[in-house]
Amino acid sequence: MVSPILLIAIPLFMAFSVPLWGLIWKKLPQYIPFATFSITIAVLVKLLPQLWGRGLISVVIAGVKPPFGINLVFGPFGAFFALIIQIVALAASIYLFEYEPPEPAEKFYMLFILVVLGATGMVLTGDIFNMFVFLEITSISSYALTAIKKDGHSAEAGFKYLLLGSLGSTLFLFGIALIYGSLGTLNMADIGARIGDMNPKLLAAAVILILIGMGVEAEMLPLNGWVPDAYQAAPVPVVSIFSGVVAKAGIYALARILYTIIGFESYASLLLIFGILTLLAGELAALRQKDVRRLLAYSSIGQMGLIMLAFGTVGFTAAIGGIFHAFNHALAKALMFFALGIMVAGVGKWDMDSLEGIGRVKPYTTLLFTIGLLSTLGLPMFSGFWSKLLIIIGMVNAKYTVYASLALFGSAVEVVYFARLLGKFYSSKISDSLKDAIPESKKIFSLLGMTFIAIFILAMGIYPDALVKWIAQGAYMLLNKATYIGMIIGGAIQ
Amino acid sequence: MIRKLFVLFLLVIVGFFLASVVVSVPFGAEKTIVGRYYLNNTIGETGGVNAVTSIVVLYRGFDTLGEVTVLFLAATGLAAILANTRERRKKHKEKPSLIMRVGTDYLFPAAIVFGSYIFLHGHLTPGGGFPGGVVIASGFLMLFLAQWHYKADELWLKVVESLAGMTYVLIGLIGLWKLGTFLGNFLGKGTPNMLLSAGIIPLIYIVIGIKVGSEMTGLLQNLRETTENE
Amino acid sequence: MSEALRTFFSPQILGPEIFYGSSVGLFLIGLYMILVKKNLVKIVIGLSFIESGVNLFLISLGYVWGKTAPILNKPELMKEPVKYAVDPVPQALVLTAIVIGVAVTAMALSIVIVLHDKYGTLDISKIKELKW
Chain A
1 MVSPILLIAI
11 PLFMAFSVPL
21 WGLIWKKLPQ
31 YIPFATFSIT
41 IAVLVKLLPQ
51 LWGRGLISVV
61 IAGVKPPFGI
71 NLVFGPFGAF
81 FALIIQIVAL
91 AASIYLFEYE
101 PPEPAEKFYM
111 LFILVVLGAT
121 GMVLTGDIFN
131 MFVFLEITSI
141 SSYALTAIKK
151 DGHSAEAGFK
161 YLLLGSLGST
171 LFLFGIALIY
181 GSLGTLNMAD
191 IGARIGDMNP
201 KLLAAAVILI
211 LIGMGVEAEM
221 LPLNGWVPDA
231 YQAAPVPVVS
241 IFSGVVAKAG
251 IYALARILYT
261 IIGFESYASL
271 LLIFGILTLL
281 AGELAALRQK
291 DVRRLLAYSS
301 IGQMGLIMLA
311 FGTVGFTAAI
321 GGIFHAFNHA
331 LAKALMFFAL
341 GIMVAGVGKW
351 DMDSLEGIGR
361 VKPYTTLLFT
371 IGLLSTLGLP
381 MFSGFWSKLL
391 IIIGMVNAKY
401 TVYASLALFG
411 SAVEVVYFAR
421 LLGKFYSSKI
431 SDSLKDAIPE
441 SKKIFSLLGM
451 TFIAIFILAM
461 GIYPDALVKW
471 IAQGAYMLLN
481 KATYIGMIIG
491 GAIQ
Chain B
495 MIRKLFVLFL
505 LVIVGFFLAS
515 VVVSVPFGAE
525 KTIVGRYYLN
535 NTIGETGGVN
545 AVTSIVVLYR
555 GFDTLGEVTV
565 LFLAATGLAA
575 ILANTRERRK
585 KHKEKPSLIM
595 RVGTDYLFPA
605 AIVFGSYIFL
615 HGHLTPGGGF
625 PGGVVIASGF
635 LMLFLAQWHY
645 KADELWLKVV
655 ESLAGMTYVL
665 IGLIGLWKLG
675 TFLGNFLGKG
685 TPNMLLSAGI
695 IPLIYIVIGI
705 KVGSEMTGLL
715 QNLRETTENE
Chain C
725 MSEALRTFFS
735 PQILGPEIFY
745 GSSVGLFLIG
755 LYMILVKKNL
765 VKIVIGLSFI
775 ESGVNLFLIS
785 LGYVWGKTAP
795 ILNKPELMKE
805 PVKYAVDPVP
815 QALVLTAIVI
825 GVAVTAMALS
835 IVIVLHDKYG
845 TLDISKIKEL
855 KW
């Protein structure tokens, strides 16, 4: 029987079993992440068609009905984020074939599987305390993966991330405690149905605490101090996981909690304000960066700000744009980081000047990087264009013209620093440090996986309807709190 | 100085915010629907008399699976971060005393037995897999302190840890296969208050106890400051 | 003697202030340590303080005046559990939260060990990136 629970049970089983595979053959653990995420994608492909007629599938665990037991909710919105997460994870695990992981390799692969597992759990769970548990799985494995290189810099970045992250998740727990203390239930649909009974002062406090808690993972403004350092310190496949998996799970959780539990309208402005601040701060800080990883990190913060704006708008078009942009950004950033990893192979330096002229040394990789970059920029013909367009249209429709124009200003800033980066990469002068660059032909598998992502980005740019039709269902379910609650509490139980 | 004043100012604000929030949560009142359901149904539905364990292992068993994963992560992450940094750490200066060494000889088996007792009786008494596992690990901690040449076999720890984790997931999957719900209680409930009762609760607690015991032992071993070649 | 102690420490005498008050207090102590202390280990201890504060708050939510632990091993408890036992849910939640706290502390300490190896100091102001 195919059940959404397998999306969590299988990676967990595989993660526990990694050391045993290592006993059989020392190189075998390298291929376990790929095997795991192939299976989970197969499960997803099998499950997705079932969603069409039914709206959402709620799976109870241990046979106890939702308000009393924990349930997984496999609805269009969550399923879409699960899909994003699995695709990025599969791409990263292909990249792992030709990647020399930091020692001890076996532990690295376990942590790698578990961080994806945690994020998948966060987007699928229907219970708020269970979400906290999965948040901790995600973040603790991220701390470890940040610090795993064991040099001073990565330890510092890891400590910074750990301090902010665990402070955030403790506050999140405090928020949950306030909700439980006043409503006596932990199921998200049940809380959503009863939220009117809650003391408004307590509710406001709980929202603030939860916003702070999730903001750390979603790279929200005052809490994203860890982002540039962690992106700079962590191994390349892990960075793609940070931007494509961890941040996406964070934004999913924010949207889910604010829309489904809290019932959004009164707190919409919070997400708008934090979103625009995050966007502007990210884009402006990116202007001054020399290290390409830091530049991409700040650009990632900017994009997360845009997605927050989309969810803060509370409108159908903007919500579609937000989900679509989350998808595009995850793929494009993962592609850019993989490409960057291959560009730097043998060079060992990550700043722009050392990579000057890389477009002539590794033309194909640079081309893939450029595709990701242009999609992030939102150039027509690339899938990022449509999502940005939808967000802006949604914001204008909702009369948030000021925010829309500020978001466009942020995009303009983006053009400036990305154009400078491309100028460097395609410059005719070739930097001395590229002399001992390892030729890109050594990384056939990674290039193959990346080509697949790039083709996908281009295809979605030309024909976005295929995906948007599907996303629209997710956006519809996100905005309709009553449908969600009705289907969880009052039936549709498998 | 200014920094300290600023921090104090901040603390006053945070404290005021938190205090004004928590006082509006009623204390000592009956309020929860969910809790009442668990109390009324724990014996009938699970056969376990300890309501907390029934919740931890069955009703909210998925959280516990996550919790086990978190601890596994901590052990894995710690081993990953501390790998190959060990040789630079400082060595013990003093030998453990006679009392420590002799006492450990007697207490170590007792700790193992007591830990096993705790996780075997998790569904009857306060306790369960986590405390039981920690007590077992404390037995190993005594060994580490008393005989600083002692080293738990890492291969063994690794294998036990993996197998226990996989067994936990498998128990869940058997529930999915037999009853159609993950972690479903596919064993009989038995007579409440007996050792062999409460279905899969004791089974899961045995697995958790073994897993936590090996993980905490591995964790302590990694944090220990000695090197093997003194 | 023990009976007197029990009455003194029972929630009826001390009231909610002691529980809520000390959870906020623990939280503030922890926050103070994180913001002011320079020693990395003390910062980690501060983190644990904050976690304890939240856990104390969570567990005191489950208390109901005059009731006992939710272990239903006596006949009257089995018959009418709701009448005699407190809410078991927060206890289960805190159990999970405590284990998670242990995991975070272990991770933090391992990173501190690496930092100490690399820089030979635990003083945060001497480690370049960590100043803020």
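The listed protein sequences derive, respectively, from chains A, B and C.
Numbered according to our numbering, the first sequence terminates at residue 494, and the numbering increases by one at each position without gaps.
Numbered according to our numbering, the second sequence terminates at residue 724, and the numbering increases by one at each position without gaps.
Numbered according to our numbering, the third sequence terminates at residue 856, and the numbering increases by one at each position without gaps.
Beta carbons are placed, not taken as given, at the ideal position from N, Cα and C, and that holds for glycine.
Predicted model only: the values in this text are computed from it and were never measured.
Residue from the options with nearest C-alpha to residue i
i        : options                                   : result
A/Val501 : A/Ile179, A/Ala233, A/Tyr99 and A/Gly22   : Residue 501 of chain A is absent from the model: chain A starts at 1 and stops at 494.
B/Glu539 : B/Phe680, B/Asn716 and B/Tyr699           : B/Phe680
A/Val116 : A/Leu23, A/Ala189, A/Leu44 and A/Pro11    : A/Pro11
A/Leu447 : A/Lys290, A/Tyr109 and A/Ile342           : A/Ile342
B/Tyr532 : A/Phe68, A/Arg54 and A/Ser58              : A/Phe68
A/Lys435 : A/Gly348, A/Leu44 and A/Phe456            : A/Gly348
A/Ala459 : A/Ser375, A/Leu422, A/Glu156 and A/Gly486 : A/Ser375
B/Leu673 : A/Lys481, A/Val64 and A/Phe425            : A/Val64
A/Leu47  : A/Leu254, A/Lys26, A/Phe13 and A/Ala79    : A/Ala79
B/Pro590 : B/Val546, B/Met636 and B/Ala577           : B/Met636
A/Leu270 : A/Ala204, A/Met188, A/Ala297 and A/Leu331 : A/Ala204
A/Phe37  : A/Ile57, A/Ile85, A/Ala412 and A/Asn187   : A/Ile85
A/Val60  : A/Ala466, A/Thr125, A/Trp21 and A/Val88   : A/Thr125
B/Phe634 : B/Asp599, B/Ser656, B/Val506 and B/Ala573 : B/Asp599
C/Ser746 : C/Val826, C/Phe773 and C/Tyr843           : C/Phe773
A/Pro4   : A/Tyr298, A/Leu51 and A/Leu186            : A/Leu51
A/Ile457 : A/Ala398, A/Gly372, A/Ser441 and A/Leu306 : A/Gly372
C/Val768 : A/Ile430, A/Lys160, A/Ala330 and A/Leu467 : A/Lys160
Beta-carbon separation (whole angstroms), residue i vs residue j, contact threshold 8 Å
i        : j        : result
B/Ile702 : B/Val562 : 6 Å
A/Ala339 : A/Met450 : 6 Å
A/Ala105 : A/Pro29  : 7 Å
C/Leu839 : A/Glu156 : 7 Å
C/Leu782 : A/Ala177 : 5 Å
Straight-line Cα distance separating residue j from residue i
i        : j        : result
A/Gly158 : C/Lys761 : 19 Å
A/Lys443 : A/Gly192 : 49 Å
C/Leu771 : A/Trp386 : 44 Å
B/Thr661 : A/Leu421 : 51 Å
B/Leu512 : B/Ala604 : 45 Å
A/Ile39  : A/Ala15  : 13 Å
A/Leu377 : A/Asp190 : 40 Å
A/Met214 : B/Met594 : 47 Å
A/Leu309 : B/Leu664 : 43 Å
A/Val246 : B/Gln715 : 31 Å
B/Ser610 : B/Leu502 : 48 Å
C/Ile758 : A/Leu164 : 11 Å
A/Ile320 : A/Leu280 : 22 Å
B/Val461 : B/Arg497 : Within the shown structure, residues of chain B are numbered from 495 to 724, placing residue 461 of chain B beyond reach of any answer.
Any chain B beta carbon closer than 8 Å to residue i
i        : result
A/Thr185 : yes
A/Thr144 : Reading off the sequence, residue 144 of chain A comes out as Ala, not Thr. Yes, contact with chain B.
A/Ser299 : no
C/Pro799 : no
C/Met831 : yes
A/Phe129 : yes
Neighbour flag for residue i against chain A, beta carbons, 8 Å
i        : result
C/Val788 : no
B/Gly659 : yes
C/Ile824 : yes
B/Met710 : no
C/Lys842 : yes
B/Gly522 : no
B/Asp599 : no
C/Ala793 : no
Assess contact between the segment 540 to 558 of chain B and the segment 129 to 144 of chain A, defined as three or more Cβ pairs (one per stretch) separated by less than 8 Å. Is contact present?
yes
Mind the definition here: the segment 94 to 111 of chain A touches the segment 211 to 230 of chain A only if three or more C-beta pairs lie below 8 Å; say whether that holds.
Here the segment 94 to 111 of chain A makes no contact with the segment 211 to 230 of chain A; the two share fewer than three CB pairs at distances below 8 Å.
Check whether the segment 350 to 365 of chain A and the segment 326 to 336 of chain A touch, using three or more Cβ-Cβ pairs below 8 Å as the test.
no
With contact counted as at least three CB pairs below 8 Å, one residue from each stretch, are the segment 394 to 405 of chain A and the segment 469 to 476 of chain A in contact?
no
At least 3 beta-carbon pairs within less than 8 Å: the segment 411 to 425 of chain A vs the segment 287 to 295 of chain A
Verdict: yes, contact present.
Take every Cβ of the segment 706 to 715 of chain B, pair it with every Cβ of the segment 562 to 572 of chain B, and state whether three or more of those distances are shorter than 8 Å.
yes
Cβ contact check for the segment 140 to 153 of chain A and the segment 479 to 486 of chain A: 3 or more pairs under 8 Å
Between the segment 140 to 153 of chain A and the segment 479 to 486 of chain A, the count of Cβ pairs shorter than 8 Å is below three; the stretches do not touch.
The segment 350 to 363 of chain A in contact with the segment 290 to 306 of chain A per 3-pair CB rule at 8 Å
yes
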